[in-house]
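Shown next, in structure tokens, is the structure this report addresses.
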Ligand code: FAD
């Protein structure tokens, strides 16, 4: 095995290798083509994923330090913030994609269109299987092999959380460019079907009922895009359809949509949607998705739950993120990992539990365990417990919260999350105090909420930049990753909202839409996609969106 790992000829080596579930006789692939021979002096850096985190590493890495291999089932980088625009044709999917080979060329990186399925930590091998259209349904045509690494970067993103809701196979997700194209096709097919003379009024209403489960930015932006499309294109090109037949509904489990924003912004979004006839149902939990309707429980002011249902023609599921099966299995293998949604890393983005610290994780698949808070929390409680009776009263509890907020580098979103953990929630027996010993739950809650960075492109991108420096500069090895929250934006249909780190809040107005566009235009990874976006926006303004189904 060692011989195979150390060899640098242009061949596939066969090695008997003990893997999960028995010995695996898989080839070990070091490089692919004659003219891409590895430099034996350089360590192998394998990056899994071609999203925000991976691209940021590739764009910031020292060009000459590593033999770089990028592995992803997608041979492109997808600009996710504008993905909702592709669901109705505001932007074409191609305008959001940049070939990963072009980005990896900067560091002379190899790209393998394949999926990582396991990591052999002991032998430093990634188990990979090829993907793509050349693979038949019975699996023939699929290649299965190992890629050796010296340093491994995991940036594989996340999948959608299910919350145990049944019937999700009836829903659409919005995570990939294929998802956006499927939604676009479905929207158009439903509208065309609604126009058929054989369609009954009930069927028409159902076909044109668009239900979004989840009140986060993806759901809200999709609803806003749909609404723009309805108002600007549907009414013009489908005059037979009545505007009243079309409905857009958002079902949100919390009391506000966009709750990562300041409450003023959430309320603005809700008011605007109400005015535009987008039905926002808050405090409602989806129970199941049936073939033709979404069943949810609504909690009224009297805290009584009532079951309701809404028929749908298209249902979007966007309620948060969970680990991909690959990350889940790695997390289980590592033993000390105990986070439910992501791989735990230290503040240098090194995955916890890997003996030689050679695996890094960033972006949506990872979360940083903040040792400072865990280490200090008991001491914080002790200091707050003035009477030393092992209990905290309301005032003492608030001292703890204030202390944590002051002492630890929290974003505004984290602060709000901390405040949500109100005293009453822990004082279950209404005794006016909470036992310190019972605060294990509180500690874990706070620790999770506080240390969990938001799952955003901004975080993944900053982490990628940090990691590239960490991997190339010796003097960076002692500086932990620190997240700098620059702001958050969301599109609301010909306007936008946003919060910026210097305190400025952008609430509506046409200028907001242009600011929103400018931010994302400038964030593009290539001039080509910038040009494509500009063309898409111009075409939309001059001719409206393309309404053909392909
Ligand atoms: P991703 O960008 O998701 O990349 C993961 C990559 O890993 C993909 O290339 C995938 O193909 C690959 N991969 C997955 N599994 C494997 C495997 N087993 N083997 C090999 N490769 C694998 N964030 C913002 O900051 N602002 C926004 O406005 C915003 N809007 C969004 C809108 C939508 C519709 C969505 C879905 C997300 C949005 N986000 C936004 C969130 C942002 O996209 C994510 O936080 C970001 O993509 C995370 O980057 P990542 O590198 O961790 O994962």
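Numbering (full-length UniProt numbering), first residue to last: 8 to 557. Glycine included, each C-beta is placed from N, C-alpha and C at the ideal position.
Alpha carbon to alpha carbon, what distance is there between residue 335 and residue 254?
Rounded to whole angstroms, residue 254 to residue 335 spans 38 Å at the Cα level.
Taking only heavy atoms of ligand 1 into account, decide whether any of them is closer than 7 Å to the Cβ of residue 55.
Indeed, a heavy atom of ligand 1 lies less than 7 Å from the Cβ.
Considering Cα atoms alone, identify which of 288, 241, 243 is closest to residue 257.
Comparing Cα positions, the closest option is 288.
Rounded C-beta distance between residue 262 and residue 290? I'm assuming under 8 Å.
The Cβ separation is near 6 Å, so the contact holds.
Return helix, strand or coil for residue 558, following the three-state DSSP convention.
This structure leaves residue 558 out entirely; the chain is present only between 8 and 557.
What's the gap between the Cα of residue 184 and the Cα of residue 283?
Straight-line Cα distance between these residues: approximately 28 Å.
Look up residue 247 in the DSSP assignment and say whether it is helix, strand or coil.
Coil, per DSSP.
Could you check which residue in 77, 466, 505 has the C-alpha nearest to that of residue 274?
It is 505 whose Cα lies nearest to the Cα of residue 274.
Which residue marks the beginning of the beta strand (DSSP E) containing residue 60, and which one marks its end?
Looking at the DSSP string, residue 60 is not in any beta strand (DSSP E); the run it does join, the alpha helix (DSSP H), is 59-67.
Taking only three categories from DSSP, how would you classify residue 538?
Residue 538: helix per DSSP, three-state reduction.
Hey, how far is the Cα of residue 100 from the Cα of residue 540?
Between residue 100 and residue 540, the C-alpha separation is close to 10 Å.
Sort out for me which residues DSSP pairs residue 115 with in a bridge.
Its beta-bridge partners do not exist; DSSP assigns none.
Is residue 219 near ligand 1 - that is, is its Cβ less than 7 Å away from at least one heavy atom of it?
Checking every heavy atom of ligand 1 against the Cβ of residue 219, none is found closer than 7 Å.
Specify, as a first and last residue, the run of the beta strand (DSSP E) that residue 324 falls within.
Taken as a continuous stretch (DSSP letters only), the beta strand (DSSP E) holding residue 324 covers 321-324.
Can you give me the Cβ contacts of residue 552 inside the same chain, cut-off strictly under 8 Å, excluding the 5 residues immediately before and after it?
Excluding sequence neighbours, residue 552 sits near 95, 96, 97, 236, 239, 240.
Among the candidates 402, 292, 332, whose CA atom is the shortest distance from the CA of residue 315?
Checking every option, the nearest Cα to that of residue 315 belongs to 292.
Please report how far the alpha carbon of residue 532 lies from the alpha carbon of residue 202, in whole angstroms.
Cα to Cα, residue 532 sits roughly 41 Å from residue 202.
Report all residues from its chain with a CB closer than 8 Å to the CB of residue 181; omit the five preceding and five following residues, and keep chain order.
Cβ neighbours of residue 181 beyond the five flanking positions: 90, 91, 94, 187, 190, 225, 229, 323, 325.
Below 7 Å, is the gap between the Cβ of residue 163 and the nearest heavy atom of ligand 2?
Among the ligands present in this structure, namely ligand 1, ligand 2 is not found.
Would a C-beta distance cut-off of 8 Å place residue 348 and residue 328 closer than the cut-off?
Yes, the Cβ-Cβ distance between residue 348 and residue 328 is below 8 Å.
So what's residue 513 in DSSP terms, helix, strand or just coil?
Strand at residue 513.
May I ask you to check if the CB of residue 78 is nearer than 7 Å to at least one heavy atom of ligand 1?
Because some heavy atom of ligand 1 lies under 7 Å away, the Cβ of residue 78 counts as near it: yes.
With respect to the beta strand (DSSP E) encompassing residue 471, which residues constitute its N-terminal and C-terminal limits?
Counting along the chain, residue 471 falls outside any beta strand (DSSP E), though it belongs to the alpha helix (DSSP H) covering 464-479.
With DSSP as the reference, please indicate the residues paired to residue 306 in a beta bridge.
Paired residue(s): 312.
When DSSP labels each residue in this structure, what does residue 336 get in the three-state scheme?
Here residue 336 sits in helix by DSSP.
What is the rounded straight-line gap between the Cα of residue 317 and the Cα of residue 133?
Roughly 45 Å separates the two Cα atoms.
Compute the Euclidean distance between the alpha carbons of residue 550 and residue 87, then round it to the nearest angstrom.
Looking at the two C-alpha atoms, the distance is approximately 25 Å.
Straight-line CA distance for residue 510 to residue 370?
Answer to the nearest angstrom: the Cα atoms are 25 Å apart.
Can you give the beta carbon distance from residue 5 to residue 398, rounded, assuming they're within the 8 Å contact cut?
Since the displayed the chain opens at 8 and closes at 557, residue 5 lies outside it and no answer follows.
Rank 213, 196, 218, 170 by C-alpha distance to the C-alpha of residue 178 and give the top, closest one.
Per the Cα distances, 218.
Is there at least one non-hydrogen atom of ligand 1 closer than 7 Å to the beta-carbon of residue 111?
Residue 111 Cβ: outside cutoff for every heavy atom of ligand 1.
Quick one: grab the DSSP three-state call for residue 127.
Looking at residue 127 - three-state DSSP - the assignment turns out to be strand.
Hey, residue 65 and residue 135: beta-carbon distance below 8 Å or not?
No.
Confirm the yes/no value for this check: CB of residue 350, any heavy atom of ligand 1, distance under 7 Å.
Residue 350 Cβ: outside cutoff for every heavy atom of ligand 1.
Contact between the segment 66-73 and the segment 472-483 is defined here as three or more beta-carbon pairs at a separation below 8 Å; is this criterion met?
Touching, per the Cβ criterion.
Count Cβ pairs between the segment 299-310 and the segment 149-156 that sit closer than 8 Å; are there 3 or more?
Judged by Cβ distances under 8 Å, the segment 299-310 makes no contact with the segment 149-156, as fewer than three pairs qualify.
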